[in-house]
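Okay, so here's the structure we're looking at.
Protein chains: 2
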Amino acid sequence: MEWLTIGDLAIRSGVATSALRFYETKGLIRSERTDGNQRRYLRATLRRVALIRAGQELGLSLAELADALETLPHDRTPTKTDWKRLSRTWRQRLDSQIAELIALRDELTDCIGCGCLSLKSCAIFNPGDAASSLGTGPRYLLGDTSEEFVKT
Amino acid sequence: MEWLTIGDLAIRSGVATSALRFYETKGLIRSERTDGNQRRYLRATLRRVALIRAGQELGLSLAELADALETLPHDRTPTKTDWKRLSRTWRQRLDSQIAELIALRDELTDCIGCGCLSLKSCAIFNPGDAASSLGTGPRYLLGDTSEEFVKT
DNA sequence: TCTTGACTTCAAGTTAACTTGAAGTTGTAG
DNA sequence: CTACAACTTCAAGTTAACTTGAAGTCAAGA
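Chains X and U supply the protein sequences, listed in that same order. If you count the first sequence from 1, you need to add 14 to reach my numbering. If you count the second sequence from 1, you need to add 14 to reach my numbering.
Quick look at the structure:
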């Protein structure tokens, strides 16, 4: 099995053929064509697809993955350097995601601990009340109302 | 300001009016109407919206939030018991999310550490290669091919 | 009373990541 | 060489969570 058909790749990667075609339109993977216009994939593509799924697990969008994979070769195993760079980036991303969630949990725990039912002092609820922190950060497009508020 | 208009609520909650109307169609919040058919909200709704945004931060869908908020009163501050139940559930959810990410990070770290460029022994890549673990777990709908594989 | 910003509804558009279906073509086992 | 599973493209559908726009109504200050 020098070349993989789209069906082979689907089975071995666990990704539906429709998804593989979709990835191709997004430039994430590549294929050669037979005389009859059917796709044939290099075995290296299997690894590439695995990388895509792994990246998705980490919460990366296909657009971000397209960027990340751009620097990797389509036709052979990535070098140790390639792989290290990628995994370092991904690890950092995971680290900050974890830190974010832990912060959120701590805030929630504080809320329980302090019994602040008024929610006024809960950090976790503050980002929600724009009026309580006018001008301190980005604002939503509120629509329908109060132009001068939006402009602050 | 006994009653809030939708514009008031939007400004004070930081949520667009279109989103507030949308939440109403989903049963997340309620409103009374003036003689002229305009929405008027109880101040308690402001807290409810804050809860919705907080819940979204935790990764809850609006459908899940609708469930969670169903048990809370629309017309007054939730009781200490209400709040404790909610925050306990949410905390547990956060805990497992954090645990998941940490597991993922550890796997990634192992990958870096072991230099397993072949990716064969990396736990993080295994869920992606269905053929390497036939019959051990749930499978995707692969489409286009190999019926007997799907049936296994 | 008039003006006008704030509101109303309803339909359609948006984005991501695919899936589904239709209609037609290819590749290969028998 | 024939049958038929596997493939092809393209358009449209799916879900979540909204946003945008059109066309019309309400409310409140001057």
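Backbone N, C-alpha and C fix where the C-beta goes; we use that ideal spot for every residue, glycine too.
Within chain X, the residues placing a beta-carbon under 7 Å from that of Q111(U) are L115, ordered along the chain.
Excluding its 5 nearest sequence neighbours in each direction, D96(U) has C-beta neighbours in its own chain below 6 Å: L86, listed in chain order. Listed along the chain, the chain X residues whose CB falls inside 8 Å of the CB of L108(U) are L115, L118, R119 and L122. Nearest in C-alpha terms to L72(U), of all of E84(X), L23(X), V63(X) and A117(X), is A117(X). Put simply, the CB of E16(X) is far from chain U, with every gap to its CB atoms at 9 Å or more. Counting only the Cα atoms, L83(X) lies some 12 Å from T103(X). Residues L60 of the same chain have their beta carbon placed closer than 6 Å to that of R26(X), with the five preceding and five following residues left out of the count.
Scanning chain X for C-beta atoms nearer than 7 Å to the C-beta of E71(U) yields L118, reported in chain order. Ranked by Cα distance from R53(X), the options Q111(X), T39(X) and I66(X) are led by T39(X). Taking R62(U) as the centre and dropping the five residues before and after it, the same chain places the C-beta of L42, I43, L83, L86 and H88 closer than 8 Å to its C-beta, in chain order. Excluding the 5 residues flanking it on each side, G28(U) has same chain C-beta neighbours closer than 8 Å at R67, in chain order.
Its chain contains R54 as the residues whose beta carbon lies nearer than 8 Å to that of T48(U), once the 5 sequence neighbours on both sides are disregarded; these appear in chain order. A straight line joining the alpha-carbon of L23(U) with that of L65(U) spans about 14 Å.
Close partners of R53(X) in chain U (Cβ separation under 8 Å) are lacking, with about 11 Å as the shortest Cβ gap. Contact check for D120(X) against R119(U) fails: the beta carbons are separated by 9 Å or more.
In this structure, DSSP gives E84(U) a helical state, which the three-state scheme calls helix. Taking C-alpha positions only, A77(X) is separated from R90(U) by approximately 44 Å.
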